[in-house]
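Protein chains in written order, with our numbering: chain P, 6 to 124; chain X, 6 to 124; chain D, 137 to 234; chain V, 137 to 234; chain C, 256 to 379; chain E, 256 to 379. Backbone N, C-alpha and C fix where the C-beta goes; we use that ideal spot for every residue, glycine too. Please read the structure below before turning to the comments.
Structure representation (structure tokens):
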């Protein structure tokens with residue numbers, strides 16, 4: 006099945022990004038396609054490579070980047086939401102790209118299911 | 006009276022930072038002292054000079070920076086919370102400084118009132 | 137002690153906590169989405185009126201205006217602007233429920 | 137349609153919305169802080185049991201374990217792990233209440 | 256033109272109050288973008304989301320942009336399926352005449368049925 | 256040593272559930288720091304905050320650090336005034352023996368009085 010994933014909350018403050026990550030990973034491990042992971046609202050902050058969590062904590066951006074590399078996933082960070090929150094091409098980690106909100110509509114059209122995390 | 010202000014939510018996503026800004030400004034205009042504004046949890050994201058809101062929207066970091074300059078205020082961005090969320094010395098705007106969580110305890114001791122925004 | 141409430145009573149249980157823990161006579165300030173608690177003719181009206189029996193309830197003018205509900209307030213609710221918010225915080229210790 | 141709930145019923149009105157709008161027979165998945173809705177012996181127990189009369193209620197194992205409440209679930213609630221969450225999302229359209 | 260020709264059935268649900276959080280504003284941005292894709296879009300207002308279209312907002316003093324007039328632009332984007340939950344309105348002390356746009360008033364059962372018809376949702 | 260000598264009366268209140276949001280974890284970080292300042296600190300658990308000290312958390316599968324053992328360190332920091340609201344516990348199906356620490360169980364009226372005594376609060 007073709008999934009889309011939408012994330013609306015930032016890293017660490019809410020569990021949404023962790024939940025979305027585990028869901029996406031589980032879907033891929035079961036052989037499903039994940040057409041796109043779209044980062045909207047505070048969700049855009051998950052993409053910053055400037056985060057430096059404590060050594061015994063997970064590194065949310067790197068987890069996402071590693072998953073992207075392993076499965077060659079499409080990660081889109083909404084440009085309008087990102088600009089408001091100080092996220093731009095210079096700070097996003099590997100595997101993320103900044104793109105228009107239309108790319109969320111596209112995945113809603115193409116994917117069988119869009120699963121939303123946070124709001 | 007000596008006030009302290011504590012902000013726990015990020016810019017744009019929640020109104021807390023706007024409310025804290027209007028409260029701080031009103032307190033200063035009435036002649037009160039504001040000993041420190043402490044940015045904790047997602048509140049640390051208010052300090053990033055990388056934010057670029059739309060032209061017809063307020064620029065939350067600049068509003069805070071201008072208020073700091075006008076009244077020579079003390080703004081502390083919690084280092085542990087900031088590191089988790091990708092905020093560091095290179096991205097904070099004028100008037101903000103990164104500091105330890107102990108500086109929140111200090112203002113709770115010294116200020117007559119700490120007013121908390123968000124949670 | 138001044139109790140600050142910034143969430144809608146239809147979405148959040150903040151107001152239940154204030155109702156439970158606030159000392160009789162302590163003022164309550166509704167601001168941000170908290171102002172929706174004081175709309176006349178709404179489901180929460182009877183609750184807020186009951187709460188007003190034990191507490192002065194203030195609403196923040198600026199947040200009322202933003203939401204287009206300044207003319208919908210339950211009788212007896214007191215409007216304050218940010219300067220009035222500062223005065224309340226000067227007169228009372230503050231605690232935030234959100 | 138699968139209804140996803142990630143907030144505690146003691147803090148948020150999400151579950152009221154699901155109860156109101158979810159079609160009879162639609163499954164509900166409690167995850168993140170939503171899992172607190174299914175604790176046996178808690179105030180929400182009677183509500184969740186009533187909801188279970190109309191809906192299959194699932195809870196996410198990983199979130200139960202994290203919160204130390206895996207052995208506290210109301211009888212009849214079904215545990216799934218993330219792989220099971222994916223299966224539910226494959227079998228149903230999903231809608232998120234948070 | 257039949258609905259089949261209009262592409263996928265997608266729904267944007269507004270259920271959060273405005274200004275306290277940005278959900279409804281960024282949700283509206285999403286609606287406007289979706290309007291350009293010629294799909295079968297429905298917009299639904301439930302719970303506190305009904306407050307997002309209250310008329311008479313004056314946001315100057317809070318310093319936040321008033322986005323409610325932009326809801327009027329939805330129809331210009333050829334999105335005509337607008338719905339609002341009757342009970343949410345009543346419970347919150349508003350009527351349809353209090354709003355900047357007049358979605359079709361439906362009850363909770365109709366909300367359920369409408370949701371069941373959709374392919375994908377966005378909740379703001 | 257009299258309380259007056261211990262400086263200001265400051266209270267940290269935990270009222271949010273763990274892991275769904277970071278409030279309780281970063282609230283705990285704040286408690287540990289405050290412990291170093293030799294003030295008259297009280298820590299109070301109410302509402303969903305009682306879940307932050309549930310025993311038996313196993314967080315490996317969600318990939319988030321289990322912070323509950325750190326609550327046991329509070330006493331080592333010379334913070335001895337720990338309270339929990341009786342009704343919040345009962346309503347949420349827990350008892351004092353279900354917790355990693357055993358704060359003093361008090362009722363809502365005692366919570367009120369305790370809060371009235373404080374100079375400043377932090378709500379997490």
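Delimiting residues of the alpha helix (DSSP H) encompassing residue i
i: residue 250 of chain E; result: Residue 250 of chain E lies beyond the residue range present for chain E, which begins at 256 and ends at 379; the question has no answer from this structure.
i: residue 285 of chain E; result: 278–289
i: residue 27 of chain X; result: 21–34
i: residue 183 of chain V; result: 181–190
i: residue 378 of chain E; result: Careful: residue 378 of chain E lies outside any alpha helix (DSSP H), inside the beta strand (DSSP E) at 375–378.
i: residue 123 of chain X; result: Looking at the DSSP string, residue 123 of chain X is not in any alpha helix (DSSP H), and its letter there is neither H nor E.
i: residue 200 of chain V; result: 197–203
Start-to-end residues for the beta strand (DSSP E) that takes in residue i
i: residue 38 of chain X; result: 38–44
i: residue 91 of chain X; result: Counting along the chain, residue 91 of chain X falls outside any beta strand (DSSP E), and DSSP gives it neither H nor E.
i: residue 107 of chain P; result: Note, residue 107 of chain P: premise wrong, no beta strand (DSSP E); alpha helix (DSSP H) at 107–115.
i: residue 103 of chain P; result: 101–104
Simplified DSSP state of residue i, which is helix, strand or coil
i: residue 346 of chain C; result: helix
i: residue 398 of chain C; result: Residue 398 of chain C is absent from the model: chain C starts at 256 and stops at 379.
i: residue 143 of chain D; result: coil
i: residue 216 of chain D; result: strand
i: residue 65 of chain X; result: helix
i: residue 300 of chain C; result: strand
i: residue 160 of chain V; result: coil
i: residue 172 of chain D; result: helix
i: residue 8 of chain P; result: strand
i: residue 13 of chain P; result: coil
i: residue 234 of chain D; result: coil
i: residue 362 of chain E; result: coil
i: residue 80 of chain X; result: strand
i: residue 137 of chain V; result: coil
i: residue 50 of chain X; result: helix
i: residue 356 of chain E; result: coil
i: residue 193 of chain V; result: strand
i: residue 151 of chain V; result: helix
i: residue 55 of chain X; result: coil
i: residue 295 of chain C; result: strand
Cα-Cα separation, residue i to residue j
i: residue 304 of chain E; j: residue 273 of chain E; result: 8 Å
i: residue 12 of chain P; j: residue 90 of chain P; result: 15 Å
i: residue 142 of chain V; j: residue 216 of chain V; result: 15 Å
i: residue 209 of chain D; j: residue 337 of chain C; result: 28 Å
i: residue 264 of chain E; j: residue 157 of chain V; result: 47 Å
i: residue 205 of chain V; j: residue 121 of chain X; result: 32 Å
i: residue 104 of chain P; j: residue 48 of chain P; result: 14 Å
i: residue 4 of chain P; j: residue 286 of chain C; result: The question about residue 4 of chain P has no answer here: the residues shown for chain P are numbered 6 through 124.
i: residue 213 of chain V; j: residue 222 of chain V; result: 18 Å
i: residue 81 of chain X; j: residue 87 of chain X; result: 11 Å
i: residue 140 of chain V; j: residue 308 of chain C; result: 26 Å
i: residue 375 of chain E; j: residue 349 of chain E; result: 29 Å
i: residue 85 of chain X; j: residue 185 of chain V; result: 42 Å
i: residue 107 of chain X; j: residue 40 of chain X; result: 14 Å
i: residue 123 of chain P; j: residue 224 of chain V; result: 18 Å
i: residue 294 of chain C; j: residue 233 of chain V; result: 24 Å
i: residue 77 of chain P; j: residue 69 of chain P; result: 11 Å
i: residue 366 of chain C; j: residue 296 of chain C; result: 15 Å
i: residue 323 of chain C; j: residue 109 of chain X; result: 38 Å
i: residue 199 of chain V; j: residue 111 of chain X; result: 36 Å
Test item: CB-CB of residue i and residue j under 8 Å
i: residue 262 of chain E; j: residue 50 of chain X; result: no
i: residue 344 of chain C; j: residue 299 of chain C; result: no
i: residue 283 of chain C; j: residue 325 of chain C; result: yes
i: residue 176 of chain V; j: residue 166 of chain V; result: no
i: residue 9 of chain P; j: residue 43 of chain P; result: yes
i: residue 202 of chain D; j: residue 276 of chain C; result: no
i: residue 63 of chain X; j: residue 319 of chain C; result: yes
i: residue 334 of chain C; j: residue 358 of chain C; result: no
i: residue 96 of chain P; j: residue 29 of chain P; result: no
i: residue 178 of chain V; j: residue 270 of chain E; result: no
i: residue 148 of chain V; j: residue 144 of chain D; result: no
i: residue 146 of chain D; j: residue 172 of chain D; result: yes
With a floor of 3 residues, list each beta strand (DSSP E) that falls wholly inside the segment 306–340 of chain C, ordered by position along the chain. Counting whole runs of 3 or more residues, the segment 306–340 of chain C contains the beta strand (DSSP E) stretches 336–340.
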